[in-house]
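Trainee:
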Amino acid sequence: MSAGPLLDLAAPLAARPLGATFGAELTDVRIAGDLPQAEIDAVLDALHAHGVLLLRNLPRDPAAQVAFSRRLGALELHSASAHTHPEHPEIFCVGNVEEPGGLKANFATGVEQWHADSSYRAVPSRASLFYAAIVPPEGGETWLLDASTAYEELPAAMQARIEGLRAVHDLNTLAEWNRRHTPGKAPLSEETRRRFPPVSQPLVRVHPVTGRRSLLLCPAVISRVEGLSQAEGEALIAALMRHAAQERYVYRHRWRVGDLVIWDNLATLHTASLFDHTRYQRLMFRTTVAGTA
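The structure is reproduced here in C-alpha cells:
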C-alpha cells in the first residue's frame with residue numbers, strides 16, 4: 005500500500021507516514037461523542053488508502069471504543085469469550101492482566117506467528133482496533149505487514165503458481181500451536197470446534213473496496229494447502245512468508261498508553277513481539293469489525 009496522499013476526501017485528515025510502503029498516523033481525530041458521518045467516512049477512506057492508522061493520546065474509554073468501532077461496521081464477538089471485557093463483550097482483552105472478579109486478558113507465552121484476525125471464520129474480519137491500556141517499558145510491540153505490496157512485488161512466476169490456490173484455516177490448529185508454546189493451556193472445547201469448523205480461504209484475496217490483491221498467510225492457523233502434499237504446502241507457505249516478512253513490508257509499532265491502532269484486516273498481517281511477563285504488565289483492548297460476504 006502506498007504511503008502517499010489520502011484518498012480524495014471532503015475534509016482531508018492530516019497524516020504522517022509510518023512504514024515504508026503503508027501506514028499513517030492521523031492527528032486531530034476523535035473517537036468519542038456523536039461523530040458526524042463525514043468524519044467516519046474520512047477515517048474509512050484513510051484506512052483503505054494506508055492499511056494501518058495510528059491515533060495517539062486517547063483516554064481509556066472502552067464504551068467510546070465500542071461505539072466508534074460500531075460506526076465502522078457490525079462488530080464481531082471473539083471466540084474466546086472468557087477473555088472479553090466484563091462490561092463490554094465486544095472487547096477482547098489481550099495481555100497478562102487478571103482482575104479478581106473482573107477482566108482476564110488472554111495471554112500466551114509463545115512466539116506469535118503472522119496472521120490475519122478471524123481467518124478461521126468463513127468470512128474473516130474487516131478491521132481490528134487495538135487500544136493500549138497498559139504497556140511494558142520494553143517489548144510487547146505489534147508488527148504489521150503490508151500484504152498487498154508484498155503480493156504485488158512477488159515474482160511473476162510465483163504469482164502464477166499461487167493463483168487460485170486455497171488453504172484450510174482451522175481454529176483448532178491455532179489452539180494446538182498455542183498449547184505447544186504455552187504450557188498448561190487448555191485444548192479447544194468440542195463446542196468451540198463445532199462452532200468454528202475448518203474453512204477454505206484463498207492464498208491471494210482481492211480487497212472489496214480497493215481491488216488490490218494481498219497474501220493471506222497464517223502459518224499457525226493453516227492446516228494444509230489444498231491440492232498439495234503436506235510438505236509441499238508447508239514449504240510454499242514458508243517461502244511466501246520469507247518474501248512477505250522482508251523489512252520493506254513491515255512496520256513495528258512501539259506502543260504508548262493511549263495509542264489506538266486500526267488495521268485493515270483484508271490488506272495486512274500482524275504479529276507481536278515478546279515481553280518479560282514476569283516483570284511487566286500489558287493490557288490491550290481489541291474490537292473487531294466483522295467482514296461481509
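In the numbering used here, the protein residues as written are 5 to 297.
Ideal placement from N, C-alpha and C gives every residue a C-beta, glycine not left out.
For clarity, every value in this text was computed on a predicted model and none was experimentally measured.
Is Tyr124 helix, strand or coil by DSSP?
Mentor: Coil.
Trainee: Looking at C-alpha atoms only, which residue of Ser122, Ala239 and Ala109 is the closest neighbour of Gln205?
Mentor: Nearest option by C-alpha distance: Ser122.
Trainee: Is the Cβ-Cβ distance between His185 and Val115 less than 8 Å?
Mentor: It is a contact, given that the beta carbons lie within the stated cut-off.
Trainee: Alpha carbons only, please: which of Ser129, Glu94 and Leu59 is nearest the one belonging to Ala271?
Mentor: Residue Ser129 is the option with its Cα nearest to Ala271.
Trainee: What residues are listed by DSSP as bridge partners for Gly99?
Mentor: In the DSSP output, where bridge partners are listed per residue, Gly99 has Leu287.
Trainee: According to the Cβ coordinates, are Thr275 and Trp181 closer than 8 Å?
Mentor: The answer is no: Cβ separation not under 8 Å.
Trainee: Let me know if Gly23 comes out buried or exposed under the rule of 16 or more other beta-carbons within 10 Å of its beta-carbon.
Mentor: So Gly23 counts as buried.
Trainee: Alpha carbon to alpha carbon, what distance is there between Arg290 and Phe134?
Mentor: Approximately 5 Å between the Cα atoms of the pair.
Trainee: So what's Ser132 in DSSP terms, helix, strand or just coil?
Mentor: It is a strand residue.
Trainee: Using the Cβ count rule (16 or more neighbours within 10 Å means buried), how would you classify Ala243?
Mentor: Exposed, because fewer than 16 other Cβ atoms sit within 10 Å of the Cβ of Ala243.
Trainee: By alpha-carbon positions, which one of His54, Arg60, Gln41 and Gly55 ends up nearest to Thr31?
Mentor: The candidate whose alpha carbon is nearest that of Thr31 is Arg60.
Trainee: Could you tell me whether the Cβ atoms of Leu76 and Ala131 are closer together than 8 Å?
Mentor: Closer than 8 Å, so yes.
Trainee: If you reduce the DSSP assignment to three classes, tell me which class Asp38 lands in.
Mentor: Coil.
Trainee: Provide the residue span of the beta strand (DSSP E) that contains Leu264, from first to last.
Mentor: Segment Leu264 to Asp268, the beta strand (DSSP E) holding Leu264.
Trainee: In angstroms, rounded to a whole number, what distance separates the CA positions of Arg283 and Pro140?
Mentor: Computed Cα separation, rounded: 9 Å.
Trainee: Determine the contact status of Val225 and Leu178, defining contact as a CB-CB distance below 8 Å.
Mentor: It is a contact, given that the beta carbons lie within the stated cut-off.
Trainee: Are at least three pairs of beta-carbons, each pair with one atom in the region 46-63 and one in the region 83-96, less than 8 Å apart?
Mentor: With the cut-off at 8 Å, the region 46-63 and the region 83-96 do not touch.
Trainee: Which ranges does the alpha helix (DSSP H) cover as unbroken runs of at least 4 residues, wholly within the region 143-223, from first to last along the chain?
Mentor: List check, alpha helix (DSSP H) in window: 151-156, 160-166, 175-185 and 194-199.
Trainee: Could you give the DSSP three-state label for Leu278: helix, strand or coil?
Mentor: In this structure, Leu278 counts as coil in the three-state DSSP scheme.
Trainee: Since I believe Leu278 is in contact with Ala109 (beta carbons under 8 Å), could you give me their beta-carbon distance rounded to a whole number of angstroms?
Mentor: No, Ala109 and Leu278 are not in contact; Cβ-Cβ is about 15 Å, not under 8 Å.
Trainee: Hey, would you say Ala46 sits closer than 8 Å to Ala68, going by beta carbons?
Mentor: No, Cβ-Cβ distance for Ala46 and Ala68 is not below 8 Å.
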